[in-house]
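Residue numbers (numbering that gives the first Met the number 0), protein chains in the order written: chain A, 0 to 169; chain B, 0 to 142.
See structure below.
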Amino acid sequence: MYGLTYRYLAAYALSRIKHLEDTDDLLQTVYTAFYKRIRSKGTLDEASARKLLTTSVKHELSRYYGTRKKERDRVTLDDGATRDQLEHELARSLPDFAGEDALLLGDLWEEIGRRGDLTQRLFLLHFRLGYTLKESARALGMTEASATSRIYRTVAALRRDYFAKEDTQP
Amino acid sequence: MTMGELMTKTAAFGSQNLLGGPDHLLTRVKAGAAGGQRRTAKLRRSFVVLAAAAALLGALAITAFAGAMGWIPFPDLYRMLGVGWNQMEDNTPQYGVIQRQLGAMLRDWNHQRLEHGLDQGNVSRMMDALAAGDLTLEEIYRM
């Protein structure tokens, strides 16, 4: 049941929770309650479990963890060019050591965090949980064009700041 | 490595304390369920204590108010107050409470007398006699 519901529930919590660092605690609380329930009352089918878990997350968010204040979405024109630019940016080659350098990864994550809570949530949904740009944008209540543009600007800036000399065209 | 792969690694690295993943979570959940603890248990416990205290204070306040207004016939109130019938001022709320309770007792007593074929006493006269100090409760019971 974890495998079936975790990605959805994590994304649900990530996109709504007030403080991102509470996400794991919230999920633990929700799944612990669920675990106790199935131990005392038996198993549930996936649809019922998902419904129950979602209700539980909503409850925890409203009662203990709080929901994020929605940021005003900056409307971006959806011309398709930004998506192409992002794809191009993400396909750029980098030295392999970059992915193994914990210090560098920490710095990159901090830099993403400095670009705003919404950007960090977008990166988590898209790059960590594998949500498409459209799904990520919908979860965060913003347009797909804004989400694409935000990720593109961040990725381009990171490459420029950290890998301007090393990068090569794919 | 591509920039996309690096971003995936960065997000995974940055979120390791936010999202441990299903396996990590399962371990935490099992430990949590075994210990019967919740991360928010402290918060919930304090909430329950506060709510209970508020409910208790509210109930006490309502009871005290209703008692002071003479709405609740407290048994043996006069004894609790440490005063006798004829020592109580008839303009106090307590007097009203006790008077009503005594009235009910006397009516019940009258009812029992009637069942046993005896004459009924005049409740209001007996009350007046008690209030004036001409009769004691014991004397009324012996009548």
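Virtual Cβ for every residue (Gly too), placed ideally from N, Cα, C.
So, A46 (chain A) versus A138 (chain A), is the Cβ gap smaller than 7 angstroms? Numbered from its first residue, the first sequence carries residue 46 (chain A) at position 47. Numbered from its first residue, the first sequence carries residue 138 (chain A) at position 139. Against a cut-off of 7 angstroms, the Cβ pair of A138 (chain A) and A46 (chain A) comes out as no contact.
Measure the alpha-carbon distance for L5 (chain B) versus D95 (chain A) and round it to whole angstroms. As a working mapping, residue 5 (chain B) is identified with position 6 in the second sequence. As a working mapping, residue 95 (chain A) is identified with position 96 in the first sequence. For L5 (chain B) and D95 (chain A), the distance between alpha carbons rounds to 9 angstroms.
Name the two residues that bound the continuous alpha helix (DSSP H) containing L89 (chain A). One-based indexing of the first sequence puts residue 89 (chain A) at position 90. Unbroken alpha helix (DSSP H) run through L89 (chain A): 80-90.
Give the secondary structure of P169 (chain A) by DSSP, where H, G and I count as helix, E and B as strand, and everything else as coil. Indexing the first sequence from 1 puts residue 169 (chain A) at position 170. In this predicted model, P169 (chain A) has a pLDDT of only 46, less than 50, meaning its place in the structure is not dependable; the value taken from the coordinates is given anyway. Correct three-state label for P169 (chain A): coil.
Those residues which DSSP pairs with I16 (chain A) across a bridge: Position 17 of the first sequence, counted from the start, is the residue given in the question as residue 16 (chain A). Partner(s): A:T66.
Cutoff 7 angstroms: N25 (chain B) Cβ touching any chain A Cβ: Sequence index remark: in the second sequence, residue 25 (chain B) carries index 26 (1-based). Looking at the sequence provided, one finds Leu at residue 25 (chain B) rather than Asn. With 7 angstroms as the cut-off, L25 (chain B) counts as an interface residue toward chain A.
So what does DSSP say about T1 (chain B), is it helix, strand or coil? Position 2 of the second sequence, counted from the first residue, corresponds to residue 1 (chain B). DSSP places T1 (chain B) in strand when its eight states are reduced to three.
So the alpha helix (DSSP H) G105 (chain A) belongs to, where does it begin and stop? The residue given as residue 105 (chain A) occupies position 106 in the first sequence. G105 (chain A) -> alpha helix (DSSP H) spans 101-113.
Are at least three pairs of beta-carbons, each pair with one atom in the segment 51-58 of chain A and one in the segment 78-94 of chain A, less than 8 angstroms apart? no
Alpha carbon to alpha carbon, how far is S135 (chain A) from A146 (chain A)? As a working note, residue 135 (chain A) is residue 136 in the first sequence. As a working note, residue 146 (chain A) is residue 147 in the first sequence. Taking the straight line from one Cα to the other gives about 8 angstroms.
Below 8 angstroms on the Cβ atoms is my contact criterion, and I expect A30 (chain B) with K35 (chain A) to pass it. Report the Cβ-Cβ distance as a whole number of Å. Along the second sequence, one-based indexing puts residue 30 (chain B) at 31. Along the first sequence, one-based indexing puts residue 35 (chain A) at 36. That belief does not hold up - the Cβ atoms of A30 (chain B) and K35 (chain A) are roughly 13 angstroms apart, past 8 angstroms.
Is M144 (chain B) helix, strand or coil when you go by DSSP? Outside the displayed span of chain B (0 to 142) sits residue 144 (chain B), for which this structure offers no information.
Given 8 angstroms, three or more beta-carbon pairs between the segment 9-29 of chain A and the segment 117-126 of chain A: yes
Report yes if the C-beta distance between V122 (chain B) and R106 (chain B) is below 7 angstroms; otherwise report no. Within the second sequence, the letter at position 123 stands for residue 122 (chain B). Within the second sequence, the letter at position 107 stands for residue 106 (chain B). In this structure, R106 (chain B) lies closer than 7 angstroms to V122 (chain B) by Cβ.
To the nearest angstrom, how far is the alpha carbon of A53 (chain B) from that of A11 (chain B)? Within the second sequence, numbered from 1, the residue matching residue 53 (chain B) stands at position 54. Within the second sequence, numbered from 1, the residue matching residue 11 (chain B) stands at position 12. In a straight line, the C-alpha of A53 (chain B) is about 46 angstroms away from that of A11 (chain B).
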